[in-house]
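Read through the structure below, which is laid out as C-alpha cells, and then see the notes.
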Amino acid sequence: MDRVLLMLGCLWIKIRRIKPTASMEYPMGRVETGNVDDYPMVLVQIPMCNEKEVYQQSIAAVCILDWPKERMLVQVLDDSDELDAQNLIQAEVQKWHQKGVHILYRHRLIRSGYKAGNLKSAMSCDYIKNYEFVAIFDADFQPAPDFLKKTIPHFKGNDDLALVQARWAFVNKDENLLTRLQNINLSFHFEVEQQVNGVFINFFGFNGTAGVWRIKALEDCGGWLERTTVEDMDIAVRAHLCGWKFVYLNDVKCYCELPESYEAYKKQQYRWHSGPMQLFRLCFLDILHSKVNKAKKANLIFLFFLLRKLILPFYSFTLFCIILPLTIFLPEAELPAWVVCYVPGIMSVLNILPAPRSFPFIVPYLLFENTMSVTKFNAMISGLFRLGNSYEWIVTKKLGRSSEADLVAFENESDSSVTETTSFLRSSSDSGLEELSKLEVTSRRSVKTKRNRLYRMELTLAFILLSAAGRSLLSAQGELTVGHYRCHLESELQVTLTQHLLTNNSNFGVTGSGLKQFSIGHSLYGCQNANCEATCHWLKYKVCTKQKGIFEED
C-alpha cells in the first residue's frame with residue numbers, strides 16, 4: 001500500500017508538473033568581479049578517506065563551480081591513513097590553489113567518528129561564521145558547474161528552509177548486472193520517495209552528499225553527531241524535529257559512481273540498513289517529546305522508520321528466505337498464488353517503473369533483492385540491538401571510472417584555462433566517458449577484466465527461492481483447475497456407493513464391495529470434502545447395523 005500511494009503521488013506530480021520554484025535566478029556564465037553582492041558566502045566540503053581513485057574528479061569539479069571565487073571556500077577534509085594518498089590529495093589541492101581557487105587541505109590524525117567526526121571538526125573552524133551555506137560532496141561526486149546557481153536561489157525568501165537536495169545520477173549504471181540492479185532501487189528512491197516526500201511533507205532523509213545546508217539550521221539542531229553510521233539521516237531527523245523544511249530538486253543531477261563489486265555493495269548495504277535502526281533506538285523518545293504535530297510524529301515513527309526501515313526488510317527475509325524455501329522440503333505445504341507471485345511481482349513492477357529501460361531485468365532484480373534481504377535483515381538486527389560490528393564504518397570502494405576522464409583532460413590540457421576544462425569535464429561525465437573509451441581502447445584489450453564474484457550463499461538461496469516460487473505457483477494454479485473436477489468426482493462417488501449399498505442385500509456386497517470401493521476412492525482422490533466425510537461415516541453405520549440385523553430406514 002505504501003508503494004502504491006508513493007507511485008500515485010509521483011504520478012500526480014508528473015501530471016500537474018509540480019516542482020519547487022525559486023524566487024530568483026542567477027545568470028548563467030562567469031560572474032564579473034564587481035557584481036558579487038547578490039552571491040552569499042558558500043562553504044564547499046569534500047570529505048574523503050584513502051580514495052586515491054576518485055579524489056581528483058571531485059576536487060576538480062568543485063573548483064570549477066560557477067560561483068565568485070571570493071564568495072566560495074573549498075575544504076578538502078582528508079581522513080586518509082595512507083601516506084601516499086595524503087601526498088596525492090595535498091598536491092592536488094596545491095595545484096588548484098595556485099590557479100586562484102580558495103581551497104584548504106585539512107587532515108585529522110585521529111579518525112574518530114568517521115565521516116560525522118570529520119564534518120564536525122571542519123565546522124568548528126573560526127572562519128565558518130563568515131559563511132551562510134555549506135555544500136557537501138563525497139569523493140566520487142561531480143557537481144555540474146551551475147550546481148550552486150540552481151540550488152542557492154531556493155533559500156532566498158524561505159528562512160525556514162534548511163536543506164536543498166539534488167538527485168544522484170550514475171556514470172556507470174550500465175557497467176554490469178549489479179550496477180543495473182542498483183540503478184533500479186536508487187531510481188525509485190530519488191524519483192518517487194524523495195520527490196513525493198519533498199513535495200507533500202517537506203521532509204526526507206538527507207543523502208549525505210549533493211546537498212546544500214543552511215549553516216544556521218545545522219547549528220540549531222546540534223550539528224553533526226558521531227552516534228550512528230548514518231549521520232546524514234540523523235541530522236535530517238533532528239532538523240525536521242526543530243521545524244526546518246527541506247526541498248528536493250529532481251531536475252538537478254549530480255554525477256557519481258555505483259560500486260561495481262558485490263563485496264563493496266554488500267558492505268554499503270550493511271551500513272545503510274544498520275544505521276537507521278541505531279538512529280531509531282536513539283531518537284524514539286526525542287520524537288515523542290518533540291514539539292512537532294502528531295501527524296509528523298506518526299510519519300516519522302510508523303512510515304519513515306518502522307515500515308520502510310524495519311517491516312519491509314523483515315517481510316522479505318521471513319517470507320522469501322525462510323517460508324518459501326521450506327516448501328521445497330515440505331511437499332504438503334502450499335502457499336497461495338498472491339503471496340508467491342502477485343505481491344512480489346507488483347512490488348517489483350512498481351520499483352522498476354522509474355527506470356523503464358530496466359524491465360528486461362525484472363526477474364534477476366526480484367531474486368537479487370530477496371536474497372540480499374539476508375544481509376539487510378542481519379544489519380537491521382545488529383543495528384537495533386547493537387550487535388557485532390554495526391558501528392563500523394567501511395568506505396565503499398570505488399574504481400574511479402569517472403575520474404579517469406578528468407586525468408586525461410588535465411594531462412592533455414594542463415595549460416588551458418579553467419573554462420575550457422569545464423566543458424570537457426561535464427561532457428565526459430554526461431556521455432558516459434566517451435573520450436576515455438576512445439583513448440583506452442588499446443589498453444582495455446590487453447588488460448584482463450576482473451569479473452564480479454557472486455557469493456555461494458546468495459546464489460544458492462536465489463536458486464532455491466526460484467524453485468520454491470515456481471513449485472508453489474504451479475501448485476496453487478493447479479488447485480484451481482483440479483478443484484472442480486475433484487468435487488464433481490466426489491459427488492458422483494457418494495451417489496453411486498449409496499445406491500449400491502441400499503440395493504445390495506448381501507453382507508458381502510456391503511462390506512466387501514461397497515465399503516472397499518469407497519475406501520479406495522476416498523484415499524485415491526484425497527477427498528477432504530465435508531459431505532464426503534459425512535457419507536463415509538453414514539456408510540460405516542449402515543454396514544454395522546445391517547450386520548446386527550437392526551437395519552433402520554434413514
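Just so we're aligned: 311 in the UniProt record's numbering is position 311 of the sequence shown, and the numbers increase by one with no gaps anywhere. Virtual Cβ for every residue (Gly too), placed ideally from N, Cα, C. Treat the numbers as computed from the prediction; the structure is a model and nothing was measured.
Can you give me the C-alpha to C-alpha distance between residue i and residue j, rounded to a whole angstrom?
i, j, result
"K99", "M72", "14 Å"
"S348", "I328", "23 Å"
"A60", "G400", "14 Å"
"L181", "D37", "46 Å"
"G223", "N158", "21 Å"
"D234", "L279", "7 Å"
"L258", "M123", "28 Å"
"D84", "L186", "33 Å"
"E369", "P336", "21 Å"
"A162", "F305", "21 Å"
"P20", "G9", "15 Å"
"P313", "F377", "6 Å"
"T375", "H102", "43 Å"
"R308", "C321", "19 Å"
"L178", "N172", "10 Å"
"residue 569", "Y342", "Since the first and last residues shown for the chain are 1 and 554, residue 569 lies out of range."
"F284", "D232", "17 Å"
"N176", "A333", "37 Å"
Taking 7 Å as the line, does the beta carbon of residue i fall inside it for any heavy atom of the ligand GDP?
i, result
"P325", "No copy of the ligand GDP occurs in the structure displayed, which carries no ligand at all."
For residue i, tell me which candidate among the options has the shortest Cα-Cα distance.
i, options, result
"W96", "D79, E191, V74", "V74"
"P68", "L178, V340, M7, P27", "P27"
"Y248", "Q165, L181, T327", "Q165"
"L384", "Y270, L241, T371, L303", "Y270"
"Y262", "L366, F302, K397", "K397"
"R111", "L186, L366, P47", "P47"
"Y114", "T228, F204, G198, P145", "T228"
"F200", "V4, F304, I13, D2", "I13"
"A169", "A210, D232, L288, V192", "A210"
"Y391", "S274, I362, I346", "S274"
"L252", "D146, R386, E369", "Note that residue 252 is Val in the sequence shown, not Leu. When each option's Cα is compared against that of V252, the closest is D146."
"F137", "N299, K173, Y342, F206", "F206"
"I362", "N202, G345, W272, A333", "G345"
"Q57", "S80, I89, Y39", "I89"
"N389", "F317, K267, I15, C283", "K267"
"V395", "Q195, R17, E219, V230", "V230"
"V4", "M41, S80, E193", "E193"
Terminal residues of the continuous beta strand (DSSP E) containing residue i?
i, result
"Y248", "245-256"
"I13", "Not the beta strand (DSSP E): I13 falls in the alpha helix (DSSP H), residues 2-16."
"residue 578", "Lying outside 1 to 554, the shown extent of the chain, residue 578 is not represented and no answer is given."
"I136", "133-136"
"L77", "72-78"
"Q45", "42-48"
How far does the alpha helix (DSSP H) with residue i in it extend, from its first residue to its last?
i, result
"M277", "262-289"
"A91", "83-98"
"M24", "Note, M24: premise wrong, no alpha helix (DSSP H); not H, not E."
"M233", "231-241"
"E196", "Just to set this straight, residue 196 is Val in the shown sequence, not Glu. Note, V196: alpha helix (DSSP H), 195-200."
Using three-state DSSP, classify residue i as helix, strand or coil.
i, result
"W67", "coil"
"F170", "strand"
"F305", "helix"
"R106", "strand"
"I352", "helix"
"R30", "coil"
"G211", "strand"
"G526", "Below a pLDDT of 50, predicted positions are generally treated as unreliable, and G526, at 46, falls in that range; no measurement from the model is reported."
"P313", "helix"
"V101", "coil"
"E434", "Low confidence applies here, because E434 scores a pLDDT of 44, under 50, leaving its location unreliable and the question unanswered by this model."
"V395", "coil"
"I328", "helix"
"L319", "helix"
"A337", "helix"
"A122", "helix"
"V62", "helix"
Using 10 angstroms around the beta-carbon of residue i, count the other beta-carbons present and answer buried if the total reaches 16, otherwise exposed.
i, result
"P356", "exposed"
"S423", "At S423, the pLDDT of 39 sits below 50, so the modelled position is not reliable and the matter cannot be decided from this model."
"A135", "buried"
"Y365", "buried"
"H240", "buried"
"N507", "Caution applies to N507, whose pLDDT of 44 falls short of 50 and renders its modelled position unreliable; the model cannot decide the point."
"F155", "buried"
"M372", "buried"
"M380", "buried"
"L65", "buried"
"N130", "exposed"
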